[in-house]
Amino acid sequence: MANMLISEQVQAAEKPGKRSARWKNDVIGYAFVAPFLIAYALFVFLPIILGFGMSFFNWSLAGTGKDQFLGLQNYQEALTDPSFWGSLGNTVLFTVISTPLLMVFGLVLALLANMKIPGRWLFRTVVFAPYILPVSAVVLVWNWLYQPGFGLINGMLTAIGLKEVGWLSDPNVAMVSTVIVTIWWTVGFNFVLYLAGLQQIPQEVYESASIDGANSWNKLLHITLPLLKNTTLLVMILQVISSLQVFAQIFLLTGGGPNYVTRPLMQYVYETGFSSFRIGLASAMSYLFFILIMLISGIQFFLFYRKKGGEA
1 MANMLISEQV QAAEKPGKRS ARWKNDVIGY AFVAPFLIAY ALFVFLPIIL GFGMSFFNWS
61 LAGTGKDQFL GLQNYQEALT DPSFWGSLGN TVLFTVISTP LLMVFGLVLA LLANMKIPGR
121 WLFRTVVFAP YILPVSAVVL VWNWLYQPGF GLINGMLTAI GLKEVGWLSD PNVAMVSTVI
181 VTIWWTVGFN FVLYLAGLQQ IPQEVYESAS IDGANSWNKL LHITLPLLKN TTLLVMILQV
241 ISSLQVFAQI FLLTGGGPNY VTRPLMQYVY ETGFSSFRIG LASAMSYLFF ILIMLISGIQ
301 FFLFYRKKGG EA
């Protein structure tokens, strides 16, 4: 009994000290996080709130019309604007074309990089290197490759007796050209995710399959791909969101042309706000697009967690 009382007294004496140390640790942690939280609030959260408010006013880039409340008129105008739907269609088309290709190429390159071959570190570096390049450098290189007359690709075509292709000027080819640039530039991200997923698969599984007589194709179909299911779903979610937000490479390569066949919705929002000076309408378009992305992302996350729960 006496020992219990002494123990309780010791614990009671230690509690204030522990609380003080814990409080100091919390303060230090908050101090390190505070600059990021402040910057996030100023440059992300606050603009989101201000932009949402602007979407209900006749706000222009010059600052006029900010007192003219329009209600939902900007949203109504956006939804009845043919250019809005045309740009959204271009964005969806780009996403539908680029997403499967980026997923397939990322997986294939990861499978090659995961093989036990000499110099595979160099192969991994070469595949991932374009991803860290700025978009301006990427566009500069590919704009030269696509140029008629002196461009490398058209030069190779004429050298073997084929006609030049208007990679950026032909309405039937321009979208494909931008997809090719995007694949070369961004496939490294999916490559890294798939490579990480492959390295999580135990080698014992492949060894057991080899003992049972499975060849490489059977291992791929019945071991690798099923065990990469969660990675594939994650890559798909991230890639769809990224492709829907395409802007910079198309804007710098084609400017949305020819005849607006490659203009994505993000570019049309930019032109509405900074060329037509209609910030209120551009904000409304942005939030309509935000709602669309959230719906698509929500559906993907729902399917992802439902499948994950079913497997559990």
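Numbering follows the working numbering, in which position 106 of the sequence shown is assigned residue number 106; successive positions increment by one, without gaps.
Yeah, the Cβ is synthetic: ideal placement off N, Cα and C, and Gly gets one too.
Note that the coordinates shown come from a computational prediction; the quantities given were computed from them, not determined experimentally.
Check each candidate in 299, 51, 292, 297 and name the one with the smallest Cα separation from residue 79.
292
Residue 280 vs residue 74 beta-carbon contact at 8 Å
yes
Give a yes or no on whether the C-beta atoms belonging to residue 261 and residue 148 are separated by under 8 Å.
no
According to DSSP, is residue 304 helix, strand or coil?
helix
Measure the C-alpha to C-alpha separation of residue 232 and residue 42 and round it to an integer number of angstroms.
35 Å
Which of the three DSSP states is assigned to residue 150 in this structure?
coil
Candidates 284, 304, 124, 134, of which the one nearest residue 76 by Cα:
284
Test item: CB-CB of residue 165 and residue 173 under 8 Å
yes
Beta-carbon proximity check, residue 38 vs residue 105, cutoff 8 Å
no
Excluding sequence positions up to five away, which residues of its chain have a Cβ less than 6 Å from the Cβ of residue 135?
248, 249
Proximal residues to residue 266 (C-beta, below 8 Å), its chain only, five neighbours per side dropped:
91, 245, 246, 247, 289
For residue 239, is the classification buried or exposed, using 16 other Cβ atoms within 10 angstroms of its Cβ as the cut-off for buried?
buried
CA nearest to the CA of residue 205, picked from 96, 275, 227, 255:
227
Could you tell me whether any Cβ in chain D is nearer than 8 Å to the Cβ of residue 162?
No chain D is part of this structure, which consists of one protein chain only.
Does DSSP put residue 189 in a helix, a strand or coil?
helix
What would DSSP say about residue 105, mapped onto helix, strand or coil?
helix
Between residue 71 and residue 56, how many whole angstroms is the CB-CB distance? I'm expecting something under 8 Å.
6 Å
N- and C-terminal bounds of the alpha helix (DSSP H) containing residue 230
229-244
Return the chain-ordered list of same chain residues with a C-beta closer than 7 Å to the C-beta of residue 158, the five sequence neighbours on each side being excluded.
164
CB-CB length for residue 36 against residue 264, believed under 8 Å
Rounded, the Cβ-Cβ distance is 30 Å, inconsistent with contact.
Nearest-angstrom Cα distance between residue 196 and residue 66?
50 Å
With distances taken between CB atoms, is the gap from residue 181 to residue 142 smaller than 8 Å?
yes
Less than 8 Å between the beta carbons of residue 376 and residue 185, yes or no?
The first residue shown for the chain is 1 and the last is 312, placing residue 376 beyond what the model contains.
Which residues in the same chain as residue 315 place their Cβ atom closer than 7 Å to its Cβ, once the five residues preceding and following it in sequence are excluded?
The question about residue 315 has no answer, for the chain in this structure spans 1 to 312.
Where residue 168 and residue 275 are concerned, what is the direct C-alpha to C-alpha distance, given to the nearest angstrom?
23 Å
Element boundaries [alpha helix (DSSP H), containing residue 124]
120-128
Measuring alpha carbon to alpha carbon, tell me which of 200, 297, 243, 61 ends up nearest residue 101.
243
For residue 314, does the three-state DSSP call read helix, strand or coil?
This structure cannot speak to residue 314, because the chain is shown only from 1 to 312.
Cutoff 6 Å; reference residue 109; Cβ partners in own chain excluding five residues on either side:
127, 191
Whose C-beta lies closer than 6 Å to the C-beta of residue 107 among residues of the same chain, with five residues either side of it excluded?
194
On the premise that residue 131 lies in contact with residue 188, defined as a C-beta separation below 8 Å, what is that separation, rounded to the nearest angstrom?
3 Å
Locate the alpha helix (DSSP H) running through residue 219, then write down its first and last residues.
216-219
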